[in-house]
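S.K.:
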Amino acid sequence: MRMTIEDNRTHFMERLLSLPFLFILFAFCSLLTAEEAFHLIRSHPNSIAFYSKYSVDHHSACIPRSADNTVLECPTQGYGSILLICNHLGCGVKEPSTGLVVDPMEAKRIRGE
Amino acid sequence: MIMTSATASTPGTTPRSLPYALRFFLFAIFSFDIASLGYNLIARALGYGIPYSFAYFFAPQFFFSDLFEFRERFHHYGRPEFFTQHGYFMYPPGMTLPYAALLATPSPRATFFALTLATVLFFVVCLFRALRTRGVEGGSAALLSVGIAVTSYPLITVLLRTNLEIFVWIVTTCGLWSVYRRRYIWAAVFFGFATAFKIYPFLFFSLLLAHRRYRELAIGILTVLGVTWLALRLLSPHVGYALRWDLDQLRALGGAYVAAPVSLGYDHSFFALIKFATLPWLPNLAPLVRPYTWIVAVGGLVFYFTRINKLPLVNQFIILSVLAVTIAPVSYDYTLLSLYPSLALLCLSALDTAPRDQGKLVPFFLLYATILTPQSYIILHRAHFYGELRALCLLVLVILAAVRLIPDRTSGAENLAAAPLGNSHAEILSADSQ
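Now the structure itself:
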């Protein structure tokens, strides 16, 4: 019984790492890469001037993600939404590495320091 | 040089397929790539937010931005106004040469894309021919060499940012290939250019030191000095003034920028791990940068003389390539391009590894696959942790390359052919002498 399981596993790995299967994965990769590049160029998400479009006081299209409206989730072309940090003067793109958390450096930016 | 070294596979021999470790590597890079790009599709459809670890694409005028960051300054190239422009020029003087040459073309952006794609194509063709020379069947060789390029996350990053790192990659790759082919004078010249362009490739000079190539080492250092002097002289007739300006730029950048925890999502330097760990408190890390640099320098020297210089060539390539892109206090993901020469050499070594030892190469390939593919699904509470993941993988790769020896019978540079994988260096040498 144990040999059968090991045989099956070896057979499965051989199929998984076989050249035809790897070619199929490669074709799928190429397709997805082309789609990604095409989508990025077509949607041109950075044509929106977030700084002048939104602020803590003007954000009707956005979902507030903090009580004081300094973190907003606003629509962007082709990518659903984007997180912004804002003050009364305008908004800027939030660091993707901190997510919804406002780190002390971003707090300084919100205070305009 | 590379093209002429490759010849057709020996007539009469049956072409062989890829060994287990390389097929596993292909499976890993394709799987990671499909998972990442598939996640991007779903994230877009469901409005989960941006799938990238950097926000530049989403701020006006930052698309393909790096190429033109210093355009205004270089409009005054060779004139006094060059030194009074706003912003930091964060490269050594040598980088002004290829940058000025690029901006002097009728369409710098088109030239950049053409140069980058031509370079990648050349790398792919060279790897393909090297695999064919070692008897790998055409389809398998093409799949491996093209697959590496198509799934390359650093290549995507360098293209989308139009970053000058491509110049560093070109000369570094040529230098490492020259070492592999035992053309040490060429290697010294290429490493000299790379160091003049971006300081940290100076680590590759240690390959010449390991082979006791002191004359070539001197040629390399003279190349650094020559390229730097030429670049400064073209900036200003007062070379000393231009040098002081560049040092001030680098120092100012270090004080204001290097210690700041910005863009951690695509910063894979070891120092970024410290920034990440201290992010909740945000202490002023600027005073730490200089001690960190000294600790890394002393630690690197100890590491080199106690371990690196005793390792086979492939292990040296891996460790030095990783350190060249991780020991700087800031290192963004496009610098990962410099890992490809070591990956290519590892692929060639896998062909010469016995079937029973292929499994021992799998951890190397798994780490390379993790580091060099997008990984855009590593998200928790909308925070992206790609940079941290890569930094950890790079750290593990250095440790692994320091303890697990990879025999290299392809270059002839080390003569470690007969030894089984996993033995100590002394055992390898002993086996070789027998």
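Residue numbers (this note's numbering), protein chains in the order written: chain C, -15 to 97; chain S, 140 to 573.
By construction, the Cβ of each residue, glycine as well, lies at the ideal position given by its N, Cα and C atoms.
(1) Between S:Thr258, S:Lys499, S:Leu539, which has its C-alpha nearest Val461 of chain S's C-alpha?
(2) How is Arg155 of chain S classed by DSSP in three states: helix, strand or coil?
(3) Which residues of chain C have a Cβ atom closer than 8 Å to the Cβ of Ala522 of chain S, listed in chain order?
(4) Residues of chain S with CB under 7 Å from Ser14 of chain C, in chain order?
(5) Does the beta carbon of Trp420 of chain S sit closer than 9 Å to a beta carbon anywhere in chain C?
(6) So if DSSP puts Tyr471 of chain S in a beta bridge, which residue, or which two residues, is it bridged to?
(7) So that I know if they touch, is there some Cβ in chain C lying closer than 9 Å to that of Ser470 of chain S?
(8) Ala326 of chain S and Leu342 of chain S - do their beta-carbons sit closer together than 9 Å?
(9) List the residues of chain S that Thr17 of chain C touches, going by C-beta distances under 9 Å, in chain order.
(10) When burial is assigned at 16 or more other CB atoms within 10 Å of the CB, is Thr82 of chain C buried or exposed?
(11) Rounded to whole angstroms, what's the CA-CA distance from Val501 of chain S to Tyr63 of chain C? Just pull it up for me.
(12) Here's the rule I'm using: 16 or more other beta-carbon atoms within 10 Å means buried, otherwise exposed. How should Pro468 of chain S be labelled?
(13) Here's the rule: buried if 16 or more other CB atoms are within 10 angstroms of the residue's CB, otherwise exposed. What is Lys92 of chain C?
(14) Taking 9 Å as the cut-off, decide whether the C-beta atoms of Leu421 of chain S and Pro88 of chain C are in contact.
(15) Among the residues of its own chain, which have a CB less than 7 Å from the CB of Pro29 of chain C, if the five just before and after it don't count?
(16) Please classify Pro513 of chain S as buried or exposed, where buried requires at least 16 other C-beta atoms within 10 Å of its C-beta.
(17) Residues in the same chain with beta-carbon distance under 7 Å from Cys313 of chain S, minus the five sequence neighbours each way, listed in chain order, please.
(18) Give the single residue among S:Leu299, S:Ala160, S:Gly365 whose Cα lies nearest to the Cα of Leu283 of chain S.
(19) By the 10 Å Cβ neighbour count, where 16 or more other Cβ atoms means buried, how is Gly186 of chain S classified, buried or exposed?
(20) Buried or exposed for Val542 of chain S, please, with buried defined as at least 16 other CB atoms from any protein chain shown within 10 angstroms of its CB.
(21) In this structure, how does DSSP classify Ile66 of chain C when only helix, strand and coil are distinguished?
(22) Suppose only complete runs of 4+ residues qualify. What are the alpha helix (DSSP H) ranges in the region 443 to 468 of chain S, listed by chain order?
(23) Following the continuous alpha helix (DSSP H) through Cys532 of chain S, name the residue where it begins and the one where it ends.
(24) Name, please, each residue of chain S whose Cβ falls closer than 7 Å to the Cβ of Pro88 of chain C.
(25) Leaving out five residues on either side along the sequence, give the residues of the same chain with a beta carbon under 7 Å from the beta carbon of Tyr35 of chain C.
(26) Using a Cβ-Cβ cut-off of less than 9 Å, give me the residues of the region 400 to 417 of chain S that come near chain C, in sequence order.
(27) Please work out which residues of its chain come closer than 6 Å, Cβ to Cβ, to Phe456 of chain S, disregarding the five sequence neighbours upstream and downstream, and give them in chain order.
(28) Does Ser246 of chain S pass the burial test, meaning 16 or more other C-beta atoms within 10 Å, or should it be called exposed?
(29) When DSSP labels each residue in this structure, what does Ala483 of chain S get in the three-state scheme?
(30) Taking only beta-carbon atoms, is Phe183 of chain S less than 9 Å away from chain C?
(31) Could you confirm whether any beta carbon from chain C is found closer than 9 Å to the beta carbon of Tyr159 of chain S?
(32) Does the separation of the CB atoms of Leu6 of chain C and Arg162 of chain S fall below 9 Å?
(33) Leaving out the 5 sequence neighbours to the left and right, which residues in its chain are closer than 6 Å to Thr362 of chain S when beta-carbon positions are compared?
(34) Could you confirm whether any beta carbon from chain S is found closer than 9 Å to the beta carbon of His42 of chain C?
(35) How long is the line joining the alpha carbons of Phe209 of chain S and Phe409 of chain S, rounded to whole angstroms?
M.R.: From the atom records:
(1) In the second sequence, the residue the question calls residue 461 of chain S occupies position 322. Nearest of S:Thr258, S:Lys499, S:Leu539 to Val461 of chain S, Cα basis: S:Leu539.
(2) Within the second sequence, numbered from 1, the residue matching residue 155 of chain S stands at position 16. In this structure, Arg155 of chain S counts as strand in the three-state DSSP scheme.
(3) Numbered from 1 along the second sequence, position 383 holds the residue referred to as residue 522 of chain S. Taking a Cβ-Cβ cut-off of 8 Å, the neighbours of Ala522 of chain S in chain C comprise Pro80, Ser81, Thr82, Gly83, Leu84, Val85, given in sequence order.
(4) Taking the first sequence and counting its residues from 1, the one referred to as residue 14 of chain C is at position 30. Ordered by position in chain S, the residues that pass the 7 Å Cβ test against Ser14 of chain C are Val289.
(5) Within the second sequence, the letter at position 281 stands for residue 420 of chain S. Trp420 of chain S counts as touching chain C.
(6) Residue 471 of chain S sits at position 332 when you count from the first residue of the second sequence. Partner(s): S:Asp406.
(7) If you number the second sequence from 1, residue 470 of chain S lands on position 331. Ser470 of chain S does not count as touching chain C.
(8) Locating residue 342 of chain S in the second sequence gives position 203, where the first residue counts as 1. Locating residue 326 of chain S in the second sequence gives position 187, where the first residue counts as 1. No, the pair does not count as a contact, with Cβ atoms beyond the cut-off.
(9) In the first sequence, residue 17 of chain C corresponds to position 33, counting from 1. The answer, in chain order, is Asp172, Leu176, Val289, Thr290, Ile295.
(10) The residue you call residue 82 of chain C lines up with position 98 of the first sequence. Result: buried.
(11) As a first step, residue 501 of chain S must be located in the second sequence, where it is residue number 362. As a first step, residue 63 of chain C must be located in the first sequence, where it is residue number 79. Whole-angstrom Cα-Cα distance: 36 Å.
(12) The residue labelled residue 468 of chain S in the question sits at position 329 within the second sequence. Under the 10 Å beta carbon count, Pro468 of chain S is surrounded by 16 or more other beta carbons and is classified as buried.
(13) In the first sequence, counting from the first residue as 1, residue 92 of chain C sits at position 108. Classification of Lys92 of chain C: exposed, given that the 10 Å Cβ count is below 16.
(14) By one-based count along the second sequence, residue 421 of chain S stands at place 282. By one-based count along the first sequence, residue 88 of chain C stands at place 104. In this structure, Pro88 of chain C lies closer than 9 Å to Leu421 of chain S by Cβ.
(15) The count along the first sequence starts at 1 and reaches residue 29 of chain C at position 45. Counting only Cβ-Cβ distances below 7 Å, and skipping sequence neighbours, we find Thr60, Gln61, Gly62, Tyr63.
(16) What you label residue 513 of chain S is simply residue 374 of the second sequence in a count that begins at 1. Under this definition Pro513 of chain S is a buried residue.
(17) Walking along the second sequence from the start, residue 313 of chain S turns up at place 174. If we look at Cys313 of chain S and ignore the five residues flanking it on each side, its Cβ neighbours are Phe329.
(18) Position 144 of the second sequence, counted from the start, is the residue given in the question as residue 283 of chain S. Selected option, being the one with the closest Cα: S:Ala160.
(19) Stepping through the second sequence from its first residue, residue 186 of chain S is reached at position 47. When all chains shown are included, Gly186 of chain S counts as exposed.
(20) As a position in the second sequence, residue 542 of chain S is number 403, starting the count at 1. Looking at its Cβ environment, which holds fewer than 16 other Cβ atoms inside 10 Å, Val542 of chain S is exposed.
(21) The residue given as residue 66 of chain C occupies position 82 in the first sequence. Ile66 of chain C sits in a strand when the DSSP states are folded into three classes.
(22) When DSSP assignments are scanned along the region 443 to 468 of chain S, the uninterrupted stretches of alpha helix (DSSP H) that are 4 or more residues long and fall wholly within it turn out to be 452 to 463.
(23) Taking the second sequence and counting its residues from 1, the one referred to as residue 532 of chain S is at position 393. Residues 525 to 542.
(24) Numbered from 1 along the first sequence, position 104 holds the residue referred to as residue 88 of chain C. Those within 7 Å of Pro88 of chain C in chain S are Leu421.
(25) As a position in the first sequence, residue 35 of chain C is number 51, starting the count at 1. Here Tyr35 of chain C has Gly74, Cys75, Gly76 as same chain residues with Cβ atoms under 7 Å from its own Cβ, once five neighbours each way along the sequence are excluded.
(26) Contacts with chain C (Cβ-Cβ distance below 9 Å) from the region 400 to 417 of chain S involve Pro400, Val401, Ser402, Leu403, Gly404, Tyr405, Asp406, Phe415, listed in chain order.
(27) Mapped onto the second sequence, residue 456 of chain S falls at position 317. Closer than 6 Å at the Cβ level, and outside the excluded window around Phe456 of chain S, lie Ser481, Leu484.
(28) Taking the first residue of the second sequence as 1, we reach residue 246 of chain S at position 107. By the beta-carbon neighbour count (other beta carbons within 10 angstroms, threshold 16), Ser246 of chain S is exposed.
(29) Residue 483 of chain S sits at position 344 when you count from the first residue of the second sequence. In the structure shown, Ala483 of chain S falls within a helical segment according to DSSP collapsed to helix, strand and coil.
(30) Translated into the one-based positions of the second sequence, residue 183 of chain S becomes position 44. According to the sequence displayed, residue 183 of chain S carries Arg and not Phe. Closer than 9 Å to some Cβ of chain C, the Cβ of Arg183 of chain S qualifies, so yes.
(31) For the purposes of this step, residue 159 of chain S is taken as the residue at position 20 of the second sequence. True, the Cβ-Cβ gap to chain C drops below 9 Å.
(32) Your numbering for residue 6 of chain C matches position 22 in the first sequence. Your numbering for residue 162 of chain S matches position 23 in the second sequence. Taking 9 Å as the cut-off, the Cβ atoms of Leu6 of chain C and Arg162 of chain S count as close.
(33) Counting from one through the second sequence, the residue named residue 362 of chain S turns up at place 223. Spatial neighbours of Thr362 of chain S in its own chain (CB-CB distance under 6 Å, excluding positions within 5 residues in sequence) are listed in chain order as Val328, Gly331.
(34) Residue 42 of chain C sits at position 58 when you count from the first residue of the first sequence. Residue contact check for His42 of chain C against chain S: no CB pair falls below 9 Å.
(35) In the second sequence, residue 209 of chain S corresponds to position 70, counting from 1. In the second sequence, residue 409 of chain S corresponds to position 270, counting from 1. Here the alpha carbons of Phe409 of chain S and Phe209 of chain S stand approximately 28 Å from one another.
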